[in-house]
């Protein structure tokens, strides 16, 4: 969370994290198409020759006010490929919330687990307790014939039910906006707790 008192802006960062090709960029593309152009910026996408996200996608959404400040949600994705490890850590730094996009394809369970552990390790390194942090998990590609049931993926990732989970078919837009609403709600609730003295 970063506050610009001069502009009365509250900048919040949400990162879409997950293994390569799990649908992180697709989520942001669907969100971008769905949001009123007056309430969002352009979608900036840096891609390699393989047409995969290299560093991040960046999309700003504007919402109502919090404590007299206008929140501006910045959405990023991390590169899923393991050889971009340093880039993933840089993009994750300073996140106010995370959407973990799991690939439901049976063949991608190991990749999901590695990305999940990697995300948690980075959060730990930043001094953030992953179990007490705004986090939403999305089980994408539920339309595949090889899709693993959400409860099985939840067991693999050892989800304890404390954070929201959503089934999705991001390429069809299904589950994308409910996921965004849930993480936005969780982040704003966390910010309100931090801004209001106990």
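Numbering (the numbering used here), first residue to last: 34 to 231.
The C-beta atom is built at its ideal place from N, Cα and C for all residues, glycine as well.
Predicted, not measured: the structure shown is a model, and the values here were computed from it.
- Annotation: the region 128-169 contains the following complete segments of the alpha helix (DSSP H) (minimum length 4 residues), in chain order: 142-158.
- Inter-residue distance for residue 60 and residue 36 is about 27 Å (C-alpha atoms, whole angstroms).
- Judged by DSSP in its simplified three-state form, residue 76 adopts coil rather than helix or strand.
- In terms of Cα proximity to residue 104, the closest of 57, 38, 185, 182 is 38.
- Between residue 202 and residue 176 a beta carbon distance of about 5 Å is seen, short of the 8 Å cut, so the two are scored as contacting.
- If you look at residue 48, you'll find it in the beta strand (DSSP E) that goes 42-50.
- When C-beta atoms of the region 119-126 are compared with those of the region 61-68, fewer than three pairs fall below 8 Å, so the two segments do not count as touching.
- For the pair residue 73 and residue 213, the Cα-to-Cα distance works out to about 14 Å.
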